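From first to last, the protein sequence lines stand for chains A and B.
Note that this note's numbering has the first sequence beginning at 11, numbered continuously upward.
Note that this note's numbering has the second sequence beginning at 248, numbered continuously upward.
All residues carry an ideal CB built from backbone N, CA and C; glycine is no exception.
Predicted, not measured: the structure shown is a model, and the values here were computed from it.
Read through the structure below, which is laid out as structure tokens, and then see the notes.
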Amino acid sequence: MINIGDSSSRNTEADLSTRIAGVTFKNPIVMASGTFGFGKEYAKYYDVNELGGISGKGLTLQPKAGNQGTRVYETASGMLNSVGLENPGVAAFLDKECAYWETLDTVRIVNLGGNTFEDYVAGAELIQKDADTRGRKAVDMIELNISCPNVKEGGIAFGIRTCDARELVRAVRQATSLPLSVKLSPNAEDIADMALMCQEEGADAVSLINTISGMKIDVRRRRSVFNNLYAGLSGPAIKPIALRMVNQVAKRVDIPVIGMGGITSATDIVEFIMAGAAVVQVGTYNFMNMRAGQDLLRDLRQFMIEENIASLDEIRGIV
Amino acid sequence: MGTVISNERLADNVYHLRVSGEYGGEMGQFYMLRAWGAYPVLSRPLSIHQVADDGIEFLYHVVGEGTELFAQLTPGDSINLEGPFGSGFPAVTGRVALVGGGIGIAPLLYCAREIPGCDVYLGFSREPFRTEEFRPYAAKLTVDVGGLILDNVDFAEYDHIFVCGPHPMLKAAQLKGIAAATSGSPVNVYLSLENRMACGIGACLVCSVSCKDGQRKACADGPVFLAEEVIFHD
């Protein structure tokens with residue numbers, strides 16, 4: 011019988027760590043943007059420093075009130091969301107949340123969205139300026155969200171066509187020296203082409219997949235339940251698609267892939283690692299189990315013991 | 248993890264669930280409950296109906312897949328509870344009225360117990376339920392079936408009014424509160440809002456509420472808000 015908490019056990023010898031652009035993730039479990047706030051809320055329920063990382067609530071240059079009307083609707087093994095990037099804006103984040111992020115011992119990722127090309131670049135410049143002043147004590151990486159399906163301008167428009175996204179990735183890359191991952195849309199015309207473009211433009215990693223554009227109709231009211239008509243589908247329902255896309259992209263690019271989409275178990279994480287992901291992000295599962303990070307980490311360690319795997323490198327990309 | 252003590256059908260699609268264990272909370276707060284595995288994906292927020300020595304009680308209306316699964320629970324079944332969450336009704340003194348419409352009476356029984364001498368107004372479109380449980384606590388109990396319960400409440404008589412019920416009733420209560428204040432009878436009207444939730448703790452922002460000072464979270468800043476702060480969009 012192996013005691014999970016026993017530091018002398020084989021378990022703690024298993025190497026769960028990964029480095030991306032000089033940033034060390036102590037384990038592959040990162041909380042996905044939009045599902046974890048800035049970490050504070052969940053810190054009341056378990057030690058979020060156990061996590062590999064946190065991708066914060068998506069930020070835009072200016073504060074956004076988000077979408078009106080229904081913002082979430084359940085589907086078969088998933089959920090549609092139409093939050094519409096409600097957020098306090100980059101400056102307010104840097105002013106009010108970074109002090110908390112400075113206290114964390116986990117990788118802290120700013121998820122940066124935008125309405126316009128200029129917004130994205132200005133947002134990246136602000137974050138870079140803060141990092142120059144603060145000395146990278148609060149932000150380890152930027153995740154450029156070119157794929158939010160729930161904002162009318164920008165967002166998804168950049169995430170569909172590689173040619174549209176290239177100039178944006180290039181400009182943001184020039185605006186910041188922080189490690190940069192680009193979060194890709196499954197709605198892209200060709201997600202592998204998009205990832206390759208990100209690599210060519212100097213991105214340090216790609217994150218995929220964002221939610222899949224979906225819809226729910228209220229048949230009695232004869233209208234979409236969402237004011238925005240469409241919404242983003244996440245959860246276990248999208249896992250097979252996400253896994254396939256991570257595998258396709260990992261085979262095409264040399265930069266690390268941050269994989270996500272419907273992870274609800276340690277074996278799901280292992281699947282993504284085997285498909286080629288460097289680390290994974292966990293989103294909707296936080297709503298199914300508020301101690302998701304803690305439980306997944308425990309179960310992943312157990313899996314490593316059971317399968318006698320010493321390092322995630324042994325299995326990464328083997329499929 | 249709690250254990251179901253009883254799960255009694257009270258009226259058409261309305262159930263009274265009792266769960267054993269040491270659960271607490273303030274009046275107006277809620278728990279996130281799930282009695283299943285991975286599907287449905289989201290837990291369901293239910294407000295505290297009563298806190299008892301042997302456990303906690305909830306009232307719920309069967310409206311979808313989650314609450315249908317709740318309705319199938321029998322004594323001895325396991326159910327997962329997380330909470331208490333949210334910011335509930337304030338502890339107040341003075342002349343207090345509790346006004347509930349339909350399943351909206353759910354959080355008010357615990358309030359009645361905590362506020363001795365309050366007046367209680369309960370309205371139902373059809374079959375009333377759990378009305379007698381209020382009688383030991385209420386100075387005055389008014390039950391209305393088929394009408395508009397707010398018509399029975401003179402807002403000028405009270406310092407504080409707690410309201411929980413369907414959306415139109417909440418909007419009407421807001422307007423009556425404003426009218427009372429305008430005519431020289433200031434009254435604090437508190438609304439318990441129902442909203443779709445995912446995380447329950449303020450992280451996901453799907454339950455956002457438009458307020459005069461910006462977007463607030465029904466789960467963490469609410470579910471109880473001062474009526475005058477809330478902006479109703481429809």
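Residue i vs residue j beta-carbon contact at 8 Å
i	j	result
residue 390 of chain B	residue 408 of chain B	no
residue 194 of chain A	residue 216 of chain A	yes
residue 227 of chain A	residue 271 of chain A	no
residue 134 of chain A	residue 119 of chain A	no
residue 387 of chain B	residue 401 of chain B	no
residue 121 of chain A	residue 70 of chain A	no
residue 88 of chain A	residue 201 of chain A	no
residue 68 of chain A	residue 48 of chain A	no
residue 453 of chain B	residue 443 of chain B	yes
residue 116 of chain A	residue 33 of chain A	no
residue 278 of chain B	residue 328 of chain B	yes
residue 239 of chain A	residue 255 of chain A	no
residue 290 of chain A	residue 269 of chain A	yes
residue 345 of chain B	residue 368 of chain B	yes
residue 95 of chain A	residue 243 of chain A	no
Residues that DSSP places opposite residue i in a beta bridge
i	result
residue 225 of chain A	A/240
residue 83 of chain A	A/90
residue 391 of chain B	B/370
residue 437 of chain B	B/409 and B/473
residue 297 of chain B	B/304
residue 329 of chain B	B/279
residue 343 of chain B	B/407
residue 73 of chain A	BP columns for residue 73 of chain A are empty, so no partner.
residue 262 of chain B	B/256 and B/307
residue 218 of chain A	A/269
residue 193 of chain A	A/155 and A/217
residue 34 of chain A	A/29
residue 304 of chain A	Answer by DSSP bridge pairing: none, since residue 304 of chain A is not bridged.
residue 348 of chain B	B/370
Any chain A beta carbon closer than 8 Å to residue i
i	result
residue 278 of chain B	no
residue 446 of chain B	yes
residue 443 of chain B	yes
residue 330 of chain B	no
residue 455 of chain B	yes
residue 288 of chain B	yes
residue 480 of chain B	yes
residue 452 of chain B	yes
residue 272 of chain B	no
residue 282 of chain B	no
residue 318 of chain B	no
residue 462 of chain B	yes
Under the three-state DSSP convention, the category residue i falls into
i	result
residue 411 of chain B	strand
residue 416 of chain B	helix
residue 246 of chain A	helix
residue 139 of chain A	helix
residue 211 of chain A	coil
residue 320 of chain B	coil
residue 269 of chain A	strand
residue 254 of chain B	strand
residue 462 of chain B	strand
residue 281 of chain A	helix
residue 47 of chain A	coil
residue 114 of chain A	coil
residue 400 of chain B	coil
residue 16 of chain A	In this prediction, residue 16 of chain A has a pLDDT of 45, which is less than 50 and means its spatial position is unreliable; what the coordinates show is noted afterwards. Reduced to three states, the DSSP call for residue 16 of chain A is coil.
residue 248 of chain B	coil
residue 232 of chain A	coil
residue 325 of chain A	coil
residue 313 of chain B	helix
residue 274 of chain B	coil
Within-8 Å CB hit, residue i to chain B
i	result
residue 196 of chain A	no
residue 125 of chain A	no
residue 52 of chain A	yes
residue 364 of chain A	Examination of residue 364 of chain A is not possible in this model, given that chain A is present from 11 through 329 alone.
residue 246 of chain A	yes
residue 138 of chain A	no
residue 78 of chain A	yes
residue 280 of chain A	no
residue 75 of chain A	yes
residue 43 of chain A	no
residue 297 of chain A	yes
residue 87 of chain A	yes
residue 220 of chain A	no
residue 231 of chain A	no
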